[in-house]
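Colleague: If you want the working numbering, it's the position in the sequence shown, counting the first as 1, plus 7.
Ideal placement from N, C-alpha and C gives every residue a C-beta, glycine not left out.
Quick caveat: nothing in here was measured; it's all calculated off a predicted structure.
Questions regarding the structure given below will be posed in turn.
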Amino acid sequence: MPLALKDILCIDGVRTTAGSKILEGYVPPYDSTVVKKLRGAGVPIVGKANLDEFAMGSSTENSAYGPSRNPWDLARVPGGSSGGSAAAVSAGFAPLGIGTDTGGSIRQPASLCGVVGVKPTYGLVSRYGLLAFASSLDQVGPFARTVEDAALLLEAIAGHDRMDATSIPEEVPPYVKGLESGVKGLRVGVVSDWVEGEGVQPGVTERVRAAIESLSSLGAEIGEISLPSFRYALSAYYLIAPAECSSNLARYDGVRWGLRAPEAKDVVEMNVRSRTAGFGDEVKRRIMLGTYALSAGYYDAYYGKAQQVRTLVIRDFEKAYERFDVLLGPTSPTTAFKIGEKADDPLAMYLNDVFTIPSNLAGAAAISLPCGLAEDGLPVGLQLLGPPMSEGLLFKVAYAYEQARGPVDAPPLWGRS
Ligand code: GLN
């Protein structure tokens with residue numbers, strides 16, 4: 008089964024850009040573990056897929072190589088940062104895709120393109136050979152058109168890797184085997200502040216409500232839950248992720264990889280000019296934010312506080328999972344927006360990920376799958392969230408819902424000759 012690979016994972020001998028000019032001409036001399044595993048499973052990689060520069064963004068407009076488009080409406084974004092992979096799967100260019108999810112970058116584009124996307128537990132899939140954005144949050148995961156294909160792909164890429172110090176030393180359970188065991192008696196917690204939340208498009212609420220009805224008629228026990236600390240998760244993320252990115256991206260200095268500005272009079276000027284020319288606006292914004300948050304005198308007020316919020320989010324999740332087996336809500340507050348619509352408003356762009364970020368902060372598992380079209384005719388994503396290592400459970404619930412839902416429409420693009 009052919010696959011589109013987010014261009015942030017190294018393939019031996021193949022140009023890898025991370026959507027950035029700073030890596031111009033960089034050809035990795037090794038395969039990432041994910042690529043090695045895909046080769047082992049006989050999965051041909053048909054292409055490198057576009058992304059927001061260094062996976063920073065929610066629309067794929069931050070790529071130095073131009074935006075990707077949504078197969079449902081070419082004037083709209085496919086989401087991001089893994090927008091190229093999601094669009095490729097949605098458009099039928101490849102049945103499988105690989106993305107990375109630091110704050111929602113697999114689930115949000117899956118939602119906006121009407122495909123399945125999985126953010127695995129932190130440490131389940133090796134990050135060896137993945138160009139780092141925020142190392143404590145980054146996780147590689149699958150895109151597919153069905154839950155079963157996504158489960159198969161995760162089985163193929165997951166597993167312990169001694170090349171990644173944060174890799175979980177456990178056997179990968181057979182996800183596909185358990186798919187058909189049903190949801191009878193399973194406790195599903197609806198995150199009420201998300202379904203009816205401020206800024207949530209009415210058509211999104213309506214489709215998610217219909218999915219809840221469907222799970223209920225399949226025998227799941229539905230309850231409601233409010234998660235108070237989650238309203239701070241977005242702010243905490245936009246301190247932690249930039250802080251880690253400012254440190255990870257310090258290595259692109261014009262010396263070791265890719266772009267080097269010519270004719271500098273000394274090494275410092277060469278560093279400055281290479282980074283000025285090589286990084287785009289969003290990446291620069293985050294490097295500055297992160298450097299500031301980590302500075303002496305500000306560290307405790309910003310970075311330290313954000314880490315405390317992270318702990319609160321983890322505790323709220325733990326409490327929620329005493330009452331429920333899985334949680335449920337929308338993946339994204341809206342359907343796909345127009346190219347350019349939010350490009351000049353970073354805060355509006357960041358709000359895309361309010362519902363996805365908590366799972367990253369907690370290192371937990373989550374999945375997005377299509378749950379019909381909104382009033383604007385565009386796909387809506389249903390998000391299922393579980394504790395770390397609950398992928399099997401999430402696949403089972405997603406599969407049960409998917410079977411009840413029936414096949415989804417293909418984007419209008421498919422009908423074109
Ligand atoms: N959109 C979020 C951001 O810009 C998440 C990105 C991601 O998950 N890689 O940081």
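Counting C-beta neighbours from all protein chains within 10 Å, is the total for Lys126 16 or more, i.e. buried, or is it exposed?
Modeller: buried
Colleague: Taking the beta carbon of Ile18 as the centre, do at least 16 other beta carbons fall within 10 Å, making it buried, or is it exposed?
Modeller: buried
Colleague: My output table needs one value for Gln410: the three-state DSSP class, helix, strand or coil.
Modeller: helix
Colleague: The ligand GLN heavy atoms versus the CB of Asp307: any closer than 7 Å?
Modeller: No.
Colleague: Got a sec, what are the start and stop residues for the beta strand (DSSP E) Ser375 sits in?
Modeller: It spans Ala372 to Leu380 - the beta strand (DSSP E) in which Ser375 sits, taken as one unbroken run.
Colleague: From what residue to what residue does the alpha helix (DSSP H) around Val290 run?
Modeller: Asp288 to Ala300
Colleague: Using beta-carbon positions only, say whether Gly86 and Pro116 come within less than 8 Å of one another.
Modeller: yes
Colleague: Comparing the CB of Ile109 with every heavy atom of the ligand GLN, is any distance shorter than 7 Å?
Modeller: A quick correction: the sequence has Thr, not Ile, at residue 109. Result yes, Cβ under 7 Å from the ligand GLN.
Colleague: Does the region 230-240 come into contact with the region 31-48, if we say contact requires no fewer than three beta-carbon pairs (one atom in each stretch) closer than 8 Å?
Modeller: no
Colleague: What are the uninterrupted segments assigned as beta strand (DSSP E) that are 3 or more residues long and contained completely in the region 200-288, given in chain order?
Modeller: 228-232
Colleague: Within 10 angstroms of its Cβ, does Asp416 collect 16 or more other Cβ (buried), or is it exposed?
Modeller: exposed
Colleague: In terms of residue numbering, what span does the beta strand (DSSP E) encompassing Pro386 cover?
Modeller: Judged by DSSP secondary structure, Pro386 falls within the beta strand (DSSP E) whose first and last residues are Pro386 to Gly393.
Colleague: Take Lys349 and list the residues in its own chain whose beta-carbon comes closer than 6 Å to its own, dropping the five residues that flank it on each side.
Modeller: Ala355 and Met356
Colleague: Could you check how far apart the C-beta atoms of Leu144 and Ala300 are, in whole angstroms? I think they sit under 8 Å.
Modeller: That belief does not hold up - the Cβ atoms of Leu144 and Ala300 are roughly 15 Å apart, past 8 Å.
Colleague: Based on Cα-Cα distance, which residue from Leu138, Gly304, Pro365 and His167 lies nearest to Val320?
Modeller: With distances taken between Cα atoms, Val320 lies closest to Pro365.
Colleague: Report all residues from its chain with a CB closer than 8 Å to the CB of Thr441; omit the five preceding and five following residues, and keep chain order.
Modeller: As displayed, the chain neither begins before 8 nor continues past 424, which places residue 441 out of reach and without an answer.
Colleague: Would the beta-carbon of Glu363 fall within 8 Å of that of Arg114?
Modeller: In the sequence under discussion, the amino acid at residue 363 is Thr, which differs from the Glu named in the question. A contact, by the Cβ cut-off of 8 Å.
Colleague: When you compare each of Glu289, Trp264 and Tyr37 to Ser281 by their alpha carbons, which one comes out closest?
Modeller: Among Glu289, Trp264 and Tyr37, the Cα nearest to that of Ser281 belongs to Trp264.
Colleague: Note the first and the last residue of the continuous alpha helix (DSSP H) segment covering Ile164.
Modeller: Val154 to Ile164
Colleague: With distance defined between alpha-carbon atoms, name the residue in Val207, Val195 and Ser242 nearest to Gly230.
Modeller: Val195
Colleague: Have a look at Gly121, Tyr259, Leu81 and Glu382 and flag the residue whose alpha-carbon is nearest the alpha-carbon of Ser97.
Modeller: That would be Gly121, whose Cα lies nearest to the Cα of Ser97.
Colleague: So for Lys28, helix, strand or coil by DSSP?
Modeller: helix
Colleague: Give the DSSP-derived three-state secondary structure of His167 in the structure shown.
Modeller: Here DSSP, grouped into helix, strand and coil, assigns His167 to coil.
Colleague: Name the DSSP beta bridge partners of Ala56, please?
Modeller: Note: Ala56 sits in a beta bridge opposite Lys13.
Colleague: Could you check the C-alpha separation between Val463 and Leu81 for me, to the nearest Å?
Modeller: Outside the shown range of the chain, which is 8 to 424, sits residue 463, and nothing can be said about it.
Colleague: What is the residue span of the beta strand (DSSP E) that Ile105 lies within?
Modeller: Leu103 to Thr107
Colleague: Grab the span of the alpha helix (DSSP H) containing Pro6 for me, first residue to last.
Modeller: The question about residue 6 has no answer here: the residues shown for the chain are numbered 8 through 424.
Colleague: Is Thr342 closer than 8 Å to Asp383 when the C-beta atoms are compared?
Modeller: yes
Colleague: Are the beta-carbon atoms belonging to Val50 and Ala165 less than 8 Å from one another?
Modeller: no
Colleague: With the cut-off set at 8 Å, would you say Ile232 and Phe331 are in Cβ contact?
Modeller: yes
Colleague: If you count every other CB in all the chains shown that lies within 10 Å of the CB of Arg152, and 16 or more means buried, which is it?
Modeller: buried
Colleague: Using 8 Å as the threshold, is the C-beta distance between Pro340 and Gln208 below it?
Modeller: Going by C-beta atoms, Pro340 is nearer than 8 Å to Gln208.
Colleague: Could you give the distance in angstroms between the alpha-carbon of Arg292 and the alpha-carbon of Thr283?
Modeller: 12 Å
Colleague: What are the boundary residues of the alpha helix (DSSP H) that includes Ala94?
Modeller: Gly90 to Ser97
Colleague: Taking C-beta to C-beta, are Gly297 and Ser242 nearer than 8 Å?
Modeller: no
Colleague: By the DSSP assignment, the beta strand (DSSP E) with Lys126 in it spans what residues?
Modeller: Val123 to Lys126
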